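In full-length UniProt numbering, the protein residues as written are 1 to 432.
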């Protein structure tokens, strides 16, 4: 009912008391009610921007507690859940069951008046719910936007917790179990990716703190790409967007602090997180890792290829010849892929041209392989021009001819009707 109250000035005087009540409910109520509480908190802060009060700090401390305790729940979250079939609800130790419930769980109770069973749905506590965990980063961002100076320190304390959260994953044994709950895993990964998106938002604001954990950012993104379910295309898209924002940051690090003597010139022009990806970038040229195998993968291919192209462009001078070969194979294929938009094909061409000099620099060490790659690049562009000349240009020419024919016919019709009108006028004048 509170959530459906109209947003008006009459509500302003009650905002503080409503927010205090919502923060109390967060700690004790179930998943559904807590999600409603979070929506109320968001709407009230967006519309009224209340002045800072200690309740905000209490909320951030509560969120920090949830993230801190999350690793301790990993085994229970992905433990194969057995179906609960009981004769009576009184047989259950509800407190113990709620302490191990992270998503909606079904309970089947025998029906004394029938041969079937009655099904009840057990809702998890809001503090343990994975769906609630997905919504928390958005509210923390909102709090930071409104109370930037007051909560700067509290938000900075989230960074180590974020790094740990995005690197969490179920064990191999749990993932291979026939009872592995895919829905819970998707909810959990959704919470991780929302957390990564939060990191992408604050990365420019807490550069020094995040620099110290840059290796964890790299490993976290790669783990999420590797484990993202093929049917969860929306999660992979959100993951790619967050990764792209992180790659685009202007973080720099002194050569002395990072001991990258070999790439002194590179480190002054490339973001730190991109440097951390150099040892792992070869993995990103595996399309199964980058875009997955889902039936909707075509919808995220443009985003994935443009993100990878940006990354490869920034680190091209430090790539080995083997990695350059992977890049050339992937983007050469994209140049000739008519299912991709013209912009993506053009981007692929530009990247390939930028890789020419990088391949040439390796020619002294591996002349045969470098020559082969340069020949491949030349063939790619020759075949592309051939395709344009034999297929694209004739099609365009034919369309233009059709348009010109239509225009000429229209002009001829207009001229004929004009002539008839003139003849009629002349006849009238003569008759007069």
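Beta carbons: idealized from backbone N, C-alpha and C, even for Gly.
Just so it is clear, the structure is predicted and the values come from calculations on it, not from any experiment.
*Would you kindly work out how many angstroms separate the C-alpha atoms of residue 87 and residue 194, rounded to a whole number?*
Translated into positions along the chain shown, residue 87 becomes position 87. Translated into positions along the chain shown, residue 194 becomes position 194. Residue 87 and residue 194: Cα-Cα distance of roughly 40 Å.
*For the stretch 195–244, which segments carrying the alpha helix (DSSP H) assignment without a break, of at least 4 residues, lie completely within its bounds, in sequence order?*
207–211, 214–227
*asked:* Considering Cα atoms alone, identify which of 177, 246, 287, 247 is closest to residue 225.
replied: Taking the first residue of the chain shown as position 1, residue 225 is located at position 225. Answer by Cα proximity: 287.
*Three-way DSSP call (helix, strand, coil) for residue 79 in this model*: The count along the chain shown starts at 1 and reaches residue 79 at position 79. In the structure shown, residue 79 sits in coil (DSSP, three-state: anything other than H, G, I, E or B).
*Is the distance from the Cβ of residue 31 to the Cβ of residue 126 below 7 Å?*
Mapped onto the chain shown, residue 31 falls at position 31. Mapped onto the chain shown, residue 126 falls at position 126. Taking 7 Å as the Cβ cut-off, residue 31 and residue 126 qualify as a contacting pair.
*Based on the DSSP output, what are the partners of residue 117 in its beta bridges?*
As a working mapping, residue 117 is identified with position 117 in the chain shown. Answer is 110.
*Under a Cβ-count criterion, where at least 16 other Cβ atoms within 10 Å of its own Cβ denotes burial, should residue 78 be classed as buried or exposed?*
Here residue 78 refers to the residue found at position 78 when the chain shown is read from its first residue. Residue 78 is buried by the Cβ-count criterion.
*Compare the Cα-Cα distances from residue 206 to each of 320, 61, 160 and report the closest residue.*
Numbered from its first residue, the chain shown carries residue 206 at position 206. Taking only the C-alpha atoms, the option nearest residue 206 is 160.
*Please state if the CB of residue 326 and the CB of residue 277 are separated by a distance shorter than 7 Å.*
On the chain shown, residue 277 is found 277 positions in, with the first residue counted as 1. On the chain shown, residue 326 is found 326 positions in, with the first residue counted as 1. No, these two residues do not count as a Cβ contact at 7 Å.
_Inter-residue CB distance, residue 62 and residue 27 (contact presumed, cutoff 8 Å)_ = Numbered from its first residue, the chain shown carries residue 62 at position 62. Numbered from its first residue, the chain shown carries residue 27 at position 27. Contact holds; Cβ gap of about 7 Å.
*asked:* Quick check: residue 359 and residue 311, are their CB atoms within less than 7 Å of each other?
replied: The residue labelled residue 359 in the question sits at position 359 within the chain shown. The residue labelled residue 311 in the question sits at position 311 within the chain shown. No, these two residues do not count as a Cβ contact at 7 Å.
*Out of 384, 397, 166, point me to the one whose CA is closest to residue 331's CA.*
The count along the chain shown starts at 1 and reaches residue 331 at position 331. Ranking 384, 397, 166 by Cα distance to residue 331 puts 384 first.
*Looking at the unbroken alpha helix (DSSP H) that takes in residue 371, where does it start and where does it end?*
By one-based count along the chain shown, residue 371 stands at place 371. Unbroken alpha helix (DSSP H) run through residue 371: 367–387.
*What alpha helix (DSSP H) runs, 4 residues minimum, are completely inside the stretch 298–355?*
301–315, 321–335
*Only counting runs of 3 or more residues, tell me where the beta strand (DSSP E) segments fall wholly within the stretch 39–76, in order along the chain.*
none
_Judging by CA-CA distance, which residue of 321, 392, 397, 388 is the nearest neighbour of residue 365?_
Reading the chain shown from its first residue, position 365 is the one you call residue 365. Selected option, being the one with the closest Cα: 321.
*Same chain only: Cβ atoms within 6 Å of residue 120, ignoring 5 sequence neighbours per side*: Translated into positions along the chain shown, residue 120 becomes position 120. Same-chain partners within the cutoff: 107.
*asked:* Helix, strand or coil for residue 122? Go by DSSP, reduced to three states.
replied: Position 122 of the chain shown holds residue 122. In the structure shown, residue 122 sits in a strand (DSSP, three-state: E or B).
*Count the other CB atoms within 10 Å of the CB of residue 421; is the residue buried (16 or more) or exposed (fewer)?*
Here residue 421 refers to the residue found at position 421 when the chain shown is read from its first residue. Any reading at residue 421 needs caution, since the residue's pLDDT is 43, under 50, leaving its predicted position unreliable; the model's value is listed next. Exposed, since its Cβ has fewer than 16 Cβ neighbours within 10 Å.
*Does the pairing of the stretch 9–18 with the stretch 109–118 give three or more beta-carbon distances under 8 Å?*
no
*Specify the secondary structure class of residue 181 as computed by DSSP and reduced to three states.*
On the chain shown, position 181 is the one that residue 181 refers to. The answer is coil: DSSP assigns residue 181 none of H, G, I, E or B.
*asked:* Alpha carbons only, please: which of 398, 363, 362, 333 is nearest the one belonging to residue 349?
replied: Within the chain shown, numbered from 1, the residue matching residue 349 stands at position 349. Per the Cα distances, 333.
_Identified DSSP bridge partners for residue 21_ = For this step, residue 21 is matched to residue 21 along the chain shown. According to DSSP, residue 21 bridges with nothing at all.
*Endpoints, beta strand (DSSP E) assigned at residue 85*: Along the chain shown, one-based indexing puts residue 85 at 85. Per DSSP, residue 85 belongs to the beta strand (DSSP E) from 84–86.
*Among 376, 185, 50, which one has its Cα closest to the Cα of residue 131?*
Reading the chain shown from its first residue, position 131 is the one you call residue 131. The option with the nearest alpha carbon to residue 131 is 185.
_Please report the straight-line C-alpha distance between residue 203 and residue 84, rounded to a whole angstrom._
The residue you call residue 203 lines up with position 203 of the chain shown. The residue you call residue 84 lines up with position 84 of the chain shown. Cα to Cα, residue 203 sits roughly 44 Å from residue 84.
*Does the stretch 64–71 touch the stretch 92–101, meaning 3 or more C-beta pairs lie closer than 8 Å?*
no
*Return helix, strand or coil for residue 90, following the three-state DSSP convention.*
Counting from one through the chain shown, the residue named residue 90 turns up at place 90. Note: residue 90 maps to helix in three-state DSSP.
*Give me the Cα-Cα distance between residue 170 and residue 133, rounded to the nearest whole angstrom.*
Here residue 170 is taken as the residue at index 170 of the chain shown, counted from 1. Here residue 133 is taken as the residue at index 133 of the chain shown, counted from 1. Each residue's Cα considered, the two are about 17 Å apart.
*asked:* At the level of alpha carbons, what is the spacing between residue 377 and residue 345?
replied: Position 377 of the chain shown, counting from 1, holds the residue named residue 377. Position 345 of the chain shown, counting from 1, holds the residue named residue 345. When rounded, the distance between both Cα atoms is 14 Å.
*From the DSSP output, in three-state form, read off residue 167 for me.*
Translated into positions along the chain shown, residue 167 becomes position 167. Three-state DSSP puts residue 167 in coil, outside helix and strand.
*Please go through the same chain and pick out, in chain order, the residues whose beta-carbon is closer than 6 Å to the beta-carbon of residue 303, but skip the five residues on each side of it.*
Numbered from its first residue, the chain shown carries residue 303 at position 303. So the qualifying residues of the chain are 240.
*Starting from the Cα of residue 293, find the closest Cα among 231, 55, 22 and give me that residue.*
Sequence index remark: in the chain shown, residue 293 carries index 293 (1-based). Checked all of 231, 55, 22; the closest Cα to residue 293 is 231.
_Within a Cβ cutoff of 8 Å, which residues of the same chain sit near residue 33, ignoring the five residues on either side of it in sequence?_
Mapped onto the chain shown, residue 33 falls at position 33. Closer than 8 Å at the Cβ level, and outside the excluded window around residue 33, lie 25, 126.
*Opposing strand residues paired with residue 176 [DSSP bridges]*: Position 176 of the chain shown, counting from 1, holds the residue named residue 176. Residue 176 pairs with nothing; no bridge assigned.
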